[in-house]
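Undergrad: Would you mind keeping the following structure in view while I ask a few things?
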Amino acid sequence: MIDCCQLAAQNAKLALYIAMGAFAVITFLLAMFFGYNLKLSARTASLEKKNGKEQKQIDQLKKEFQAFKEKNCA
Numbered sequence: 101m102i103d104c105c106q107l108a109a110q111n112a113k114l115a116l117y118i119a120m121g122a123f124a125v126i127t128f129l130l131a132m133f134f135g136y137n138l139k140l141s142a143r144t145a146s147l148e149k150k151n152g153k154e155q156k157q158i159d160q161l162k163k164e165f166q167a168f169k170e171k172n173c174a
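Residue numbers (our numbering): 101 to 174.
Structural data, given as structure tokens:
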């Protein structure tokens, strides 16, 4: 038969295992979350850089179109 001290020790050991497992799971989830955020930040930065280049091309084409339109309509 198990006395109360042995039962308390078993419960404490079980609680410790549960706490360590929860800590491991939470750590893993946080690592996944921050890893995703880092990738997302890098992706956003590259898209903004690409968007800037495309916007310059659009502005250049608008100028060329205006010049062509003025030349042919005049």
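Positions of the beta carbon are idealized from the N, C-alpha and C atoms, including for glycine.
When DSSP labels each residue in this structure, what does residue 102 get in the three-state scheme?
TA: Residue 102 sits at position 2 when you count from the first residue of the sequence shown. Reduced to three states, the DSSP call for residue 102 is coil.
Undergrad: Between the alpha carbons of residue 132 and residue 154, how many angstroms are there, rounded?
TA: Along the sequence shown, read from residue 1 onward, the residue named residue 132 stands at position 32. Along the sequence shown, read from residue 1 onward, the residue named residue 154 stands at position 54. Cα to Cα, the separation comes out at about 33 Å.
Undergrad: Report the rounded CA-to-CA distance for residue 124 versus residue 139, giving the unit in angstroms.
TA: In the sequence shown, residue 124 corresponds to position 24, counting from 1. In the sequence shown, residue 139 corresponds to position 39, counting from 1. Rounded to the nearest angstrom, the two C-alpha atoms are 23 Å apart.
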